[in-house]
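Undergrad:
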Amino acid sequence: MHIKGDRLQLEAMQIFDPIHNFILFNPLEASLISHPYMERLRHIYQMGPAFHVYPGGTHSRFTHSIGVMHVATEIYDNIVLQNEIEEDVEFLRQIVRIGALLHDIGHYPLSHTAELFLPKHEKMVEKVFNSAVFEPFFAQIAKIYGKTTDHTTQLIRAIALGEPTTPPFLSQMIANPHFGADRIDYLLRDSLFTGLSYGKIDVHQLIRSLRLSDAGVLVVSSAGIPSVEALLLARHWMHERLYQHPRVRAYAYHYACVIQQIILEQNALCDLDVFMKINDHTIFEALGRFKEHEEAILDVSKRVIAQKALVADLKKYQELTGVQKPLYIDLSPFSQQTFEGTRIRIETEETFWVYLKPTTSFTN
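Residue numbers (the numbering used here): 1 to 364.
(1) Reducing DSSP to helix, strand and coil, say where Q14 ends up.
(2) CB M69 to CB R97, shorter than 8 Å?
(3) Does the Cβ of Q367 have 16 or more other Cβ atoms within 10 Å, making it buried, or fewer, making it exposed?
(4) Considering Cα atoms alone, identify which of A268, H236, F62 is closest to M124.
(5) Answer yes or no: do S209 and G224 have a C-beta to C-beta separation smaller than 8 Å?
(6) Roughly how many angstroms separate the alpha carbons of T148 and I95, rounded to a whole number?
(7) Can you look up F25 in the DSSP assignment and give me helix, strand or coil?
(8) Can you tell me the Cα-Cα spacing of L264 and L287, whole angstroms?
(9) Tell me, which residues are paired with Y253 by DSSP?
(10) Based on the DSSP output, what are the partners of Y435 in its beta bridges?
(11) Below 8 Å on the Cβ atoms is my guess for T152 versus F138; work out the distance and round it to an integer in Å.
(12) Please check the pair I174 and V203, which I expect to be a contact at CB under 8 Å, by giving their CB distance rounded to whole angstroms.
(13) Let me know the secondary structure DSSP gives L102 once reduced to three states.
(14) Please go through the same chain and pick out, in chain order, the residues whose beta-carbon is closer than 8 Å to the beta-carbon of K4, but skip the five residues on each side of it.
(15) Work out the CA separation of L242 and S65 for me, nearest whole Å.
(16) Three Cβ pairs or more, each shorter than 8 Å: is that satisfied between the region 248 to 263 and the region 47 to 56?
(17) Could you tell me if G258 is buried or exposed, where buried requires 16 or more neighbouring beta carbons within 10 angstroms of its beta carbon?
(18) When the Cα atoms are used, what is the spatial distance from I33 to Q261?
(19) Between D190 and G180, how many whole angstroms is the CB-CB distance? I'm expecting something under 8 Å.
(20) I need the DSSP call for L242, collapsed to helix, strand or coil.
(21) Can you give me the Cβ contacts of H59 inside the same chain, cut-off strictly under 7 Å, excluding the 5 residues immediately before and after it?
(22) Counting C-beta neighbours from all protein chains within 10 Å, is the total for Q324 16 or more, i.e. buried, or is it exposed?
(23) Please list, in chain order, all residues of the same chain as N78 whose beta carbon is under 7 Å from its beta carbon, the five residues on each side excluded.
(24) What residue range is occupied by the uninterrupted beta strand (DSSP E) comprising V219?
(25) Go to L210, then tell me how far its beta strand (DSSP E) extends in each direction, as first and last residue.
Next up, the structure:
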């Protein structure tokens, strides 16, 4: 491995990204993104089941992760320049890049979909850091920059999980809810691949306006306020038209039930190696073995039935779903009636979804 000054030479790999153009990787980073746990992210859709509604939205968590690394690096370099930071500049730059690469390492298949019923993906990220799987990478960074492996690991972990760091801005560069690298990249990327224009923002103007407060917290200058407002507005409309689209949510609910069943049957929450072998293809193959349920997901008439909770028409549900048994309808907080058979879940106070639960295992 070649060293230039105290920075690893960026000569090992370059990837052309449709958002950020060429993204460079040093030898250690190139080795990290080739790890099986990182490669798994190539097979997880960034937007979950949204591709059913927006067919172009088939980009992966892998490309998002390298995009976040790139944006976080640009933010870091700007902060260093604006604030004349001199201590541990190259070490901190390297761990920010590694933390950004690993921030989504614990995602379920179809991204956030399964979090309807399973623990948040950050719990699996914690499991990754609690294991020794990436320790050789962290130890190598520590050795190059004269730090302890434990200190290096804990700092990368905090950055990846958005936990408090010293200095505070290190984790805020990725996880800041208003102008973090994670949000910037997914808005740009999701906008490009779906064809929706709402996520387009002036990233460079926003990054140039970021500063550090006296407390070491990431803030934006007055000149950057319009850029932050544009980002917040972009997020609002992307949620309105994409992330919270009724059909996307309907697909997500069905897939979440399938993913939950597969994860629990394989005890994947307790076995990291098993978990890391499950990706989107695992789910699609399982659905292929359970053809009836796959058709229920893809069939518009069975995929979802959204009605006002207080005007439930059982006969209509039976006609549309083919379910002849009485239904269970949860009308809380309004009231509750109990029937045998399929359960209708309420996602909000006003709308509920029908899910046709399979009667056999997906893993058989």
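Positions of the beta carbon are idealized from the N, C-alpha and C atoms, including for glycine.
TA: According to the data block:
(1) strand
(2) yes
(3) Because residue 367 is not part of the residues shown, which for the chain are 1 to 364, the question remains open.
(4) A268
(5) yes
(6) 13 Å
(7) strand
(8) 16 Å
(9) Answer by DSSP bridge pairing: none, since Y253 is not bridged.
(10) Given a span of 1 to 364 for the chain in the structure shown, any question on residue 435 remains unanswerable.
(11) 5 Å
(12) The Cβ separation is near 15 Å, so there is no contact.
(13) coil
(14) Any reading at K4 must be qualified, since the residue scores a pLDDT of 44, below 50, and its modelled position is unreliable; the value itself is stated next. If we look at K4 and ignore the five residues flanking it on each side, it has no Cβ neighbours.
(15) 20 Å
(16) yes
(17) One detail in the question is off: residue 258 reads as Val in this sequence, not Gly. So V258 ends up on the buried side.
(18) 29 Å
(19) Contact flag wrong, Cβ pair sits at about 15 Å.
(20) helix
(21) Q46, R189, F193
(22) Interpretation of Q324 is limited by its pLDDT of 47, a score under 50 that renders its predicted location unreliable; no figure is taken from the coordinates.
(23) I207, R208, L210
(24) 218 to 220
(25) 210 to 212
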